[in-house]
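Below is the structure:
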(Lines of atoms letter the chains of each structure in order from A; the text may use other names.)
(Lines give C-alpha, C1' and ligand atoms only; values in the text may rest on other atoms or scores of the structure.)
Protein backbone atom coordinates (compact mmCIF):
# COMPACT_ATOMS: atom_id res chain seq x y z
CA UNK A 1 0.00 0.00 0.00
CA UNK A 2 2.95 2.31 0.62
CA UNK A 3 3.77 2.30 -3.10
CA UNK A 4 0.17 3.03 -4.16
CA UNK A 5 0.05 5.93 -1.68
CA UNK A 6 3.59 7.16 -2.50
CA UNK A 7 4.61 6.69 1.15
CA UNK A 8 7.91 5.49 2.57
CA UNK A 9 7.89 1.84 3.68
CA UNK A 10 6.70 1.52 7.27
CA UNK A 11 4.48 4.61 7.14
CA UNK A 12 1.38 4.56 9.31
CA UNK A 13 -1.96 4.19 7.52
CA UNK A 14 -5.54 3.72 8.66
CA UNK A 15 -7.10 0.53 7.28
CA UNK A 16 -10.87 0.35 6.85
CA UNK A 17 -12.86 -2.73 5.91
CA UNK A 18 -16.57 -2.21 5.49
CA UNK A 19 -19.48 -4.29 4.28
CA UNK A 20 -21.84 -2.14 2.21
CA UNK A 21 -25.52 -3.11 2.31
CA UNK A 22 -28.38 -2.27 -0.02
CA UNK A 23 -31.89 -2.90 1.32
CA UNK A 24 -30.30 -4.89 4.16
CA UNK A 25 -28.57 -7.23 1.66
CA UNK A 26 -24.77 -7.43 1.28
CA UNK A 27 -23.60 -5.55 -1.82
CA UNK A 28 -19.87 -4.84 -1.50
CA UNK A 29 -16.74 -5.35 0.55
CA UNK A 30 -14.80 -2.10 0.68
CA UNK A 31 -11.16 -2.00 1.80
CA UNK A 32 -9.48 1.41 2.09
CA UNK A 33 -6.04 2.55 3.21
CA UNK A 34 -5.69 6.21 4.27
CA UNK A 35 -2.35 7.82 5.18
CA UNK A 36 -2.17 8.84 8.84
CA UNK A 37 -3.31 12.39 9.49
CA UNK A 38 -5.24 12.84 6.24
CA UNK A 39 -8.69 12.94 7.84
CA UNK A 40 -10.45 12.53 11.17
CA UNK A 41 -11.95 9.05 10.94
CA UNK A 42 -13.77 7.09 13.61
CA UNK A 43 -16.20 4.18 13.55
CA UNK A 44 -19.19 6.25 14.71
CA UNK A 45 -18.73 8.84 11.95
CA UNK A 46 -18.19 6.16 9.31
CA UNK A 47 -21.38 4.37 10.38
CA UNK A 48 -23.48 7.36 9.35
CA UNK A 49 -21.30 9.17 6.76
CA UNK A 50 -19.42 8.20 3.63
CA UNK A 51 -15.64 8.27 3.58
CA UNK A 52 -15.52 11.10 1.05
CA UNK A 53 -17.90 13.18 3.17
CA UNK A 54 -15.47 12.80 6.09
CA UNK A 55 -12.63 13.84 3.79
CA UNK A 56 -14.53 17.05 2.90
CA UNK A 57 -15.22 17.77 6.58
CA UNK A 58 -11.49 17.40 7.26
CA UNK A 59 -10.63 19.89 4.49
CA UNK A 60 -9.46 17.26 1.99
CA UNK A 61 -10.50 18.23 -1.55
CA UNK A 62 -10.32 15.29 -3.93
CA UNK A 63 -9.17 16.25 -7.41
CA UNK A 64 -8.45 13.12 -9.45
CA UNK A 65 -8.24 9.35 -9.13
CA UNK A 66 -6.67 6.48 -11.03
CA UNK A 67 -9.20 3.66 -11.09
CA UNK A 68 -9.23 0.16 -12.54
CA UNK A 69 -12.43 -1.87 -12.93
CA UNK A 70 -12.35 -5.63 -13.37
CA UNK A 71 -13.97 -8.93 -12.52
CA UNK A 72 -12.97 -12.13 -10.75
CA UNK A 73 -14.37 -15.06 -8.79
CA UNK A 74 -15.36 -14.69 -5.13
CA UNK A 75 -13.04 -16.23 -2.55
CA UNK A 76 -14.60 -18.30 0.24
CA UNK A 77 -14.44 -15.44 2.80
CA UNK A 78 -15.90 -12.95 0.29
CA UNK A 79 -18.67 -15.36 -0.71
CA UNK A 80 -19.60 -15.83 2.95
CA UNK A 81 -19.73 -12.05 3.60
CA UNK A 82 -21.62 -11.25 0.40
CA UNK A 83 -24.07 -14.14 0.62
CA UNK A 84 -23.07 -15.68 -2.72
CA UNK A 85 -21.62 -19.03 -3.73
CA UNK A 86 -17.86 -19.58 -3.70
CA UNK A 87 -16.56 -18.70 -7.17
CA UNK A 88 -19.48 -16.42 -8.04
CA UNK A 89 -18.54 -13.49 -10.28
CA UNK A 90 -17.60 -10.24 -8.57
CA UNK A 91 -16.95 -6.82 -10.05
CA UNK A 92 -13.77 -5.25 -8.71
CA UNK A 93 -12.50 -1.71 -8.39
CA UNK A 94 -9.01 -0.57 -7.41
CA UNK A 95 -8.42 3.16 -6.95
CA UNK A 96 -5.84 5.67 -5.79
CA UNK A 97 -7.37 9.10 -5.12
CA UNK A 98 -5.41 12.36 -4.98
CA UNK A 99 -6.24 15.71 -3.39
CA UNK A 100 -5.90 19.13 -5.01
CA UNK A 101 -2.24 19.29 -3.93
CA UNK A 102 -1.48 16.02 -5.76
CA UNK A 103 -1.11 14.03 -2.54
CA UNK A 104 -2.37 10.41 -2.58
CA UNK A 105 -5.05 10.35 0.13
CA UNK A 106 -6.72 6.97 -0.42
CA UNK A 107 -5.98 3.55 -1.85
CA UNK A 108 -9.04 1.33 -2.25
CA UNK A 109 -9.85 -2.25 -3.21
CA UNK A 110 -13.57 -2.96 -3.48
CA UNK A 111 -15.49 -6.01 -4.69
CA UNK A 112 -19.16 -5.97 -5.59
CA UNK A 113 -21.80 -8.62 -6.23
CA UNK A 114 -22.05 -8.81 -10.01
CA UNK A 115 -25.76 -9.65 -9.79
CA UNK A 116 -26.54 -6.42 -7.94
CA UNK A 117 -24.08 -3.75 -9.09
CA UNK A 118 -22.79 -2.01 -12.20
CA UNK A 119 -20.40 0.82 -13.01
CA UNK A 120 -21.49 3.87 -15.03
CA UNK A 121 -18.88 5.98 -16.77
CA UNK A 122 -18.93 9.18 -18.79
CA UNK A 123 -16.24 9.74 -21.41
CA UNK A 124 -15.25 13.32 -22.21
CA UNK A 125 -13.09 14.37 -25.15
CA UNK A 126 -10.42 16.95 -24.38
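Numbering (full-length UniProt numbering), first residue to last: 1 to 126. For every residue, glycine included, the Cβ atom is placed at its ideal position computed from N, Cα and C. From a predicted model like this one, the values you see are computed outputs, not experimental measurements.
* Starting from residue 77, trace the alpha helix (DSSP H) both ways and give me its first and last residue. => To locate residue 77, count along the chain shown from 1; it is residue 77. It spans 76-82 - the alpha helix (DSSP H) in which residue 77 sits, taken as one unbroken run.
* Asked: Who does residue 94 pair with in a DSSP beta bridge?
  -> Counting from 1 along the chain shown, the entry for residue 94 is found at position 94. Beta-bridge pairing links residue 94 to 68, 109.
* What is the rounded straight-line gap between the Cα of residue 3 and the Cα of residue 9? -> As a working mapping, residue 3 is identified with position 3 in the chain shown. As a working mapping, residue 9 is identified with position 9 in the chain shown. Distance between the alpha carbons of residue 3 and residue 9: 8 Å.
* For residue 33 and residue 94, the rounded distance between their alpha carbons -> Within the chain shown, residue 94 is the residue found at index 94, counting from 1. Within the chain shown, residue 33 is the residue found at index 33, counting from 1. In a straight line, the C-alpha of residue 94 is about 11 Å away from that of residue 33.
* Asked: Would you say the stretch 73-87 touches the stretch 98-106, given that touching needs at least three Cβ pairs under 8 Å?
  -> no
* Residues bridged to residue 32 by DSSP? -> Mapped onto the chain shown, residue 32 falls at position 32. DSSP, once it has assigned bridges, lists 16, 108 as partnering residue 32.
* **residue 112 to residue 61 span [Cα, whole Å]** => Counting from 1 along the chain shown, the entry for residue 112 is found at position 112. Counting from 1 along the chain shown, the entry for residue 61 is found at position 61. Going from the Cα of residue 112 to the Cα of residue 61 covers about 26 Å.
* Asked: In whole angstroms, what is the alpha-carbon distance linking residue 110 and residue 124?
  -> Indexing the chain shown from 1 puts residue 110 at position 110. Indexing the chain shown from 1 puts residue 124 at position 124. Rounded to whole angstroms, residue 110 to residue 124 spans 25 Å at the Cα level.
* Asked: Does DSSP classify residue 39 as helix, strand or coil?
  -> On the chain shown, position 39 is the one that residue 39 refers to. Residue 39: coil per DSSP, three-state reduction.
* Asked: Under the rule that 16 or more other beta-carbon atoms within 10 Å means buried, what is residue 55, buried or exposed?
  -> Numbered from its first residue, the chain shown carries residue 55 at position 55. The residue is buried, with at least 16 neighbouring Cβ atoms inside 10 Å.
* For residue 103, three-class secondary structure by DSSP -> The residue you call residue 103 lines up with position 103 of the chain shown. Residue 103 falls in the coil class under three-state DSSP.
* For residue 21, is the classification buried or exposed, using 16 other Cβ atoms within 10 angstroms of its Cβ as the cut-off for buried? -> For this step, residue 21 is matched to residue 21 along the chain shown. Result: exposed.
* Asked: Taking just the CA atoms, how far does residue 117 sit from residue 133?
  -> Residue coverage of the chain in this structure runs from 1 to 126, which leaves residue 133 outside it and unanswerable.
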